[in-house]
Every structure is written in C-alpha cells, then in structure tokens.
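Novice: Okay, here's the structure, questions in a sec.
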Amino acid sequence: MKQRLYATLRRMVATLYPLVVLAIVWEILSRSGWVSSRLMPPLEKIFSAFITGVANGELIYHATVSFSRAISGFGLAIVVGVLLGVLMARVRWFEWMFEPIFSFGYPVPKIALYPVFILLLGFGSSSKIALIALECTFPIAVNTYFGIRAVAPRFIWSAQNMGAGPSRIFFKVLLPAALPSIMSGIRVALPLSMVIVVITEMIGESSGLGYYISYASASFMYASSYAGVIAVAMIGFVMDRTLVMIRNRILFWEPSGAAQASKLSF
Numbered sequence: 017m018k019q020r021l022y023a024t025l026r027r028m029v030a031t032l033y034p035l036v037v038l039a040i041v042w043e044i045l046s047r048s049g050w051v052s053s054r055l056m057p058p059l060e061k062i063f064s065a066f067i068t069g070v071a072n073g074e075l076i077y078h079a080t081v082s083f084s085r086a087i088s089g090f091g092l093a094i095v096v097g098v099l100l101g102v103l104m105a106r107v108r109w110f111e112w113m114f115e116p117i118f119s120f121g122y123p124v125p126k127i128a129l130y131p132v133f134i135l136l137l138g139f140g141s142s143s144k145i146a147l148i149a150l151e152c153t154f155p156i157a158v159n160t161y162f163g164i165r166a167v168a169p170r171f172i173w174s175a176q177n178m179g180a181g182p183s184r185i186f187f188k189v190l191l192p193a194a195l196p197s198i199m200s201g202i203r204v205a206l207p208l209s210m211v212i213v214v215i216t217e218m219i220g221e222s223s224g225l226g227y228y229i230s231y232a233s234a235s236f237m238y239a240s241s242y243a244g245v246i247a248v249a250m251i252g253f254v255m256d257r258t259l260v261m262i263r264n265r266i267l268f269w270e271p272s273g274a275a276q277a278s279k280l281s282f
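For the sequence shown, the working numbering gives the first residue as 17, with consecutive numbering after it.
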C-alpha cells in the first residue's frame, strides 16, 4: 500500500515539477521587467481572466465548440484510419493504390489545404471537422497498417489449424495483436485534432478557442489570450488521460506475442 502511494506521489511530482518551474520562470520574467508585462502578464492576471471567462460562460462556450469539433473529426479519423490501415495490410491491390498516397501525403501539413476545404464546405464546422479527420487519419492508418503486417504468420497458421475462419482470425488474432500499434497511432493523432481546430478557428470564425485567443490578442487582452491557451491545454490533457485509461483497459493482456497467443480462444 505504501509503495503504491509513493509511486503515485512520484508520478504527481514528475508531472507537476515542469509546470512549477515554468510558472516560476514566467513570474520572474513578467515581474522583473525583462519582458513587457503586457506580453507576459503575471500569472495572477491570467488566472483571474480564466476564472472570469469561466464565470461568465464565455470561455466554457468556446471550449465546448472547439471540443465538439475536435472530437468529431478525431472520431471520424479513427473509423477511416483503422479501416484504411486494415485494407492496406490485407488487400494487396489496396496497398498498391494507397501506399504511395500515404508516402507522398504524410509529410505535407494538411493545414495548407484549408483554403480548399473552405471553398468546398464553407467557413463553418464542416470544413474544420473534415480537415481534422484528414490530419488525424494518416498516423492512425499507418500505425494500423504496420501493426497488422507485424503479426507473425505462425499465429495465423495456428488459428487456421484450429479451424478459425477469416473473420475469427481477424478479431481473435490480427486485431488484438495490432491493438498496441493502433492505440499508439490514435494517441499520436489526438493532439493533432486540437492543433488543427485552434488554427482553423483563427481564420474567419466567430466561435471556438482559436477565435477566443485570436480576438483577445488582437484586442491586446493578453491575459485572456493566455487563459484561452490554458483552456486548450486542459482539454488536451483530459482527452489524453481519458485515452490512456481506455488504452489500459483494452490492452489488459501482456504485450509479448507468446502471452497473446496463450490467451486466444476460438
């Protein structure tokens, strides 16, 4: 019991330590005059602006809009990315068709395509959700592809010898073995959804945290702008921790191939 408590405390200290150091450095720079206090307001003013934004509902409204857009695009990317990755790994002609597209398109910043999405879908939420889905699909699809391709053929042969059909092999062998790689791709894609939603909301938008930050900065309300940044960070942190909890619940089995094989049932 004490060891678990100590381990929990160590994790908390390891998590909070960088934030405490950042806060101390921020306060020193803000109050020493080395940096203009307008550009770097004291933390007291930032937290005051954050509390005010929450109290009057403005910050909560914009945060809700951004979260709904991010989670919609992210959820769509999971469905499309996993499906594409599976098809690329299992269907040869599908791999020949899409592998060059992923190789060519992966390093391209998808935000550069936002004007095209605006022309097709307008300035509303649809263009933002579509761009988020496109950006997040790449890491999910690639990780799914490599995760399934990495499954040792002997596991498939063993399942076939035990009488398993294609669907049972997929759900009992391929998918469980590839899940760690799939979940890694999903976690990589998660912060991209927040990055894209904030950037796109800064362009021709009147709602969302991106708009809130941009408007506050343009109005020289830098404390409110940083309050919006804190809101983005908090949403991203909660989303990531939730995903980690889901991952730990799903991947309850050992990562070794032998342990996976011993737990398979047909």
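Virtual Cβ for every residue (Gly too), placed ideally from N, Cα, C.
Is G226 helix, strand or coil when you go by DSSP?
Specialist: Reduced to three states, the DSSP call for G226 is helix.
Novice: Give me the Cβ distance between G226 and S82, rounded to the nearest whole Å; I'm assuming they're in contact under 8 angstroms.
Specialist: Sure, about 7 angstroms apart at Cβ, within 8 angstroms.
Novice: In whole angstroms, what separates the C-alpha of C152 from that of K144?
Specialist: Roughly 12 angstroms between the two C-alpha positions.
Novice: Along the chain, which unbroken stretches of the beta strand (DSSP E) at least 3 residues long are found entirely within the stretch 154-238?
Specialist: Fully enclosed beta strand (DSSP E) runs of 3 or longer: not present.
Novice: Give the straight-line distance between the Cα atoms of A128 and L190, rounded to the nearest whole angstrom.
Specialist: Those two C-alpha atoms are separated by around 35 angstroms.
Novice: Roughly how many whole angstroms lie between the Cα atoms of S240 and A65?
Specialist: Their Cα atoms are separated by approximately 5 angstroms.
Novice: Look at the alpha carbon of G73 and the alpha carbon of F171, and state the distance between them as a whole number of angstroms.
Specialist: Those two C-alpha atoms are separated by around 55 angstroms.
Novice: When you compare only the Cα positions, how much space is there between M113 and P125?
Specialist: Near 21 angstroms, if we compare the C-alpha coordinates of P125 and M113.
Novice: What is the DSSP secondary structure of G89, reduced to helix, strand or coil?
Specialist: It is helical.
Novice: Tell me, to the nearest whole angstrom, how far the beta carbon of A105 is from that of I164; I am working on the premise that it is less than 8 angstroms.
Specialist: Sure, about 4 angstroms apart at Cβ, within 8 angstroms.
Novice: Determine, using beta carbons only, whether M90 and Y122 come nearer to each other than 7 angstroms.
Specialist: It should be noted that the sequence gives Phe, not Met, for residue 90. No.
Novice: Tell me, please, whether the stretch 217-232 touches the stretch 38-56 by the rule of three or more beta-carbon pairs shorter than 8 angstroms.
Specialist: As far as the Cβ criterion goes, the stretch 217-232 does not touch the stretch 38-56, which means the pair count is below three.
Novice: What is the DSSP secondary structure of G138, reduced to helix, strand or coil?
Specialist: Coil at G138, not helix or strand.
Novice: Could you say which of A166, M237, I202, I148 lies nearest to A287 if we only look at CA atoms?
Specialist: Lying outside 17 to 282, the shown extent of the chain, residue 287 is not represented and no answer is given.
Novice: Below 7 angstroms between beta carbons: does that hold for G244 and Y228?
Specialist: Going by C-beta atoms, G244 is nearer than 7 angstroms to Y228.
Novice: Does DSSP put N264 in a helix, in a strand, or in coil?
Specialist: Reduced to three states, the DSSP call for N264 is helix.
Novice: Can you give me the C-alpha to C-alpha distance between T68 and A168, rounded to a whole angstrom?
Specialist: Computed Cα separation, rounded: 56 angstroms.
Novice: Among S233, E115, L150, R263, which residue has its Cα nearest to the Cα of P57?
Specialist: Comparing Cα-Cα distances from P57 to each of S233, E115, L150, R263, the minimum goes to S233.
Novice: Should F187 be labelled buried (16 or more other beta-carbon atoms within 10 Å of its own) or exposed?
Specialist: Exposed, by the Cβ-count rule.
Novice: Would the beta-carbon of I94 be found less than 6 angstroms away from any heavy atom of the ligand PLP?
Specialist: Inclusion of the ligand PLP in the displayed structure is not the case, the ligand content being empty and no account of it being possible.
Novice: Keeping to the same chain, check which residues put their C-beta closer than 7 angstroms to that of G261; ignore five residues upstream and five downstream.
Specialist: At residue 261 the sequence reads Met, which differs from the Gly that was named. Result list for M261: empty, nothing under 7 angstroms.
Novice: Could you say which of A249, T160, R184 lies nearest to V214 if we only look at CA atoms?
Specialist: That would be A249, whose Cα lies nearest to the Cα of V214.
Novice: Can you check which of these residues, S183, G101, L38, is closest to I198 by C-alpha distance?
Specialist: The residue with the shortest Cα to Cα distance from I198 is G101.
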